[in-house]
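Report on one structure; see the data block that follows.
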Amino acid sequence: MLGTGLFKDLAAGKNRVMGLRNYDEPGADKYFTDWFQMPSGIETAQLVLRTRGEPGAGNDNVRLGDLVDNPDNQARFGTIEFGRRLKDIENRKTLPDGSILLTMNLAQLPMSMPPGSSERFVDWANSPARPDHVEVAIGDDTSIDFMALVLCMAPDDIRGVTFREFHNKSIGEDLSWLRCNGDFSQPGCDPYSGDMSCAAALPLGCFKPGSKAPDIARLKKLGLQLDSFNGGEVRMTTPLAGTDFPTLATANARCSAEFGAGWRVLSYHEGGGGGVISYSRIPSKSRMWIDIVDQPHANCWDRNRVRKR
243 MLGTGLFKDL AAGKNRVMGL RNYDEPGADK YFTDWFQMPS GIETAQLVLR
293 TRGEPGAGND NVRLGDLVDN PDNQARFGTI EFGRRLKDIE NRKTLPDGSI
343 LLTMNLAQLP MSMPPGSSER FVDWANSPAR PDHVEVAIGD DTSIDFMALV
393 LCMAPDDIRG VTFREFHNKS IGEDLSWLRC NGDFSQPGCD PYSGDMSCAA
443 ALPLGCFKPG SKAPDIARLK KLGLQLDSFN GGEVRMTTPL AGTDFPTLAT
493 ANARCSAEFG AGWRVLSYHE GGGGGVISYS RIPSKSRMWI DIVDQPHANC
543 WDRNRVRKR
């Protein structure tokens, strides 16, 4: 029996068996494996690792996907696999104890197995055919102190971002101070995921650019931010559900229909971001739909479409 091919290969070092390692376990020739529950609706994802390399770890890889059902059961190759060499992960920081903190962006990571696929990790992660979890394998000369899967999820409820007028007109009936966080007693706006259900009926905040000069002395006396001043004018439409507007173009058209040529939806960045001061007669405590160009989940319109400033 000792003359069989299996034992000859073992004796010659041609048939090494890979062991599995636990967290914080040093040593060579051991694969680290773990798994994460993973919901659908993922927008972006990162794998965060704190690693310690053993001699020979220079070519070690991290692999994610559907690994467990692989017939050889060694976690070295997967049925569905996304991977990268650890040394190629650019976002890294060496910590005082010599360990290395790695942050691996996953969303656009291309599939490596099966070969020839153009699917990205985010496509597979949101596919109804995948398992409800993702397996991770790292090997085979790297020990792992810590590992976390960080997910950015699409919001469950469709919401839009709003601005609110201050609760009183102490700054003057002719001045408007529309803000994200105007009144301490009221919740602020959310320029990332929206703050008001798009099913709600609110006025559209409409804006027409202009060149009215600010009364600097008056604004300073009132303690207002000069860089938030805009020389245009803001008006509000009649209340409308945010779901009435599938695109920004349809919302802009509503502003033009009510107020004339040159009017469009007010932008979150009209006054630099977070608020706008203008010579406008907006009633106190008014709340209105506005637009934000660089957050695909903060508008009732153009959902999932990134528009850059």
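All the letters of the sequence shown, read from the start, carry residue numbers 243 to 551 under the numbering used here.
Don't be surprised by glycine CBs; every beta carbon is placed ideally from N, CA and C.
Since this is a predicted model, take the numbers as computed values, not measurements.
Could you please give me the residues that DSSP links to residue i through a beta bridge?
i: Thr293; result: Ile342, Ile386
i: Trp531; result: Thr404, Leu446
i: Gly474; result: Gly474 is not bridged to any residue.
i: Ala483; result: Ala443
i: Tyr434; result: The partner list for Tyr434 (beta bridge, DSSP) is empty, contrary to what the question assumes.
i: Gln279; result: His375
i: Ile519; result: Trp419, Phe471
i: Leu306; result: Phe324, Val378
i: Ile458; result: Answer is none; Ile458 lacks a bridge partner.
Between residue i and residue j, how many whole angstroms is the CB-CB distance? I'm expecting something under 8 Å.
i: Leu420; j: Gly517; result: 6 Å
i: Arg292; j: Phe274; result: The Cβ separation is near 12 Å, so there is no contact.
i: Gly452; j: Glu475; result: 6 Å
i: Leu344; j: Arg362; result: About 20 Å; that fails the 8 Å criterion.
i: Ile322; j: Met355; result: 7 Å
i: Ser470; j: Ile519; result: 5 Å
Give me the Cα-Cα distance between residue i and residue j, rounded to the nearest whole angstrom.
i: Ala540; j: Asp271; result: 48 Å
i: Arg496; j: Ile380; result: 55 Å
i: Ile413; j: Asn472; result: 16 Å
i: Leu461; j: Gln537; result: 31 Å
i: Gln279; j: His375; result: 4 Å
i: Gly513; j: Ala503; result: 22 Å
i: Trp366; j: Trp277; result: 16 Å
i: Gly515; j: Ser418; result: 16 Å
i: Val364; j: Val392; result: 13 Å
i: Gly269; j: Ser360; result: 36 Å
i: Cys431; j: Cys422; result: 5 Å
i: Leu490; j: Phe449; result: 14 Å
i: Leu289; j: Leu464; result: 48 Å
i: Ser528; j: Pro397; result: 26 Å
Note down, in chain order, each residue of its chain lying with its Cβ closer than 8 Å to the Cβ of residue i, except the 5 sequence neighbours on either side.
i: Asn303; result: Gly325, Arg326, Arg327, Leu328, Ile380, Gly381
i: Ser498; result: Gly504, Trp505, Arg506
i: Met346; result: Gln288, Leu289, Val290, Leu291, Val304, Arg326, Ile331, Asn333
i: Cys440; result: Ile400, Arg401, Gly402, Ala483, Gly484, Thr485, Cys542
Using C-beta distances below 7 Å, list every residue in its chain close to residue i, excluding the 5 sequence neighbours before and after it, in chain order.
i: Ile532; result: Val403, Thr404, Phe405, Gly447, Val507, Leu508, Ser509, Tyr510
i: Thr336; result: Ile342
i: Asn315; result: Only weak support exists for where Asn315 lies, its pLDDT of 44 falling under 50; the coordinates are left without a value.
i: Glu267; result: Ser385
For residue i, which residues in the same chain have their Cβ closer than 6 Å to its Cβ, ignoring the five residues on either side in sequence?
i: Cys394; result: Glu285, Thr286
i: Ser522; result: Ser418, Glu475, Val476
i: Ala390; result: Val290
i: Asp544; result: Thr489, Leu490
i: Asn494; result: Arg506, Val507
i: Ser282; result: Asn368
i: Leu466; result: Ile519
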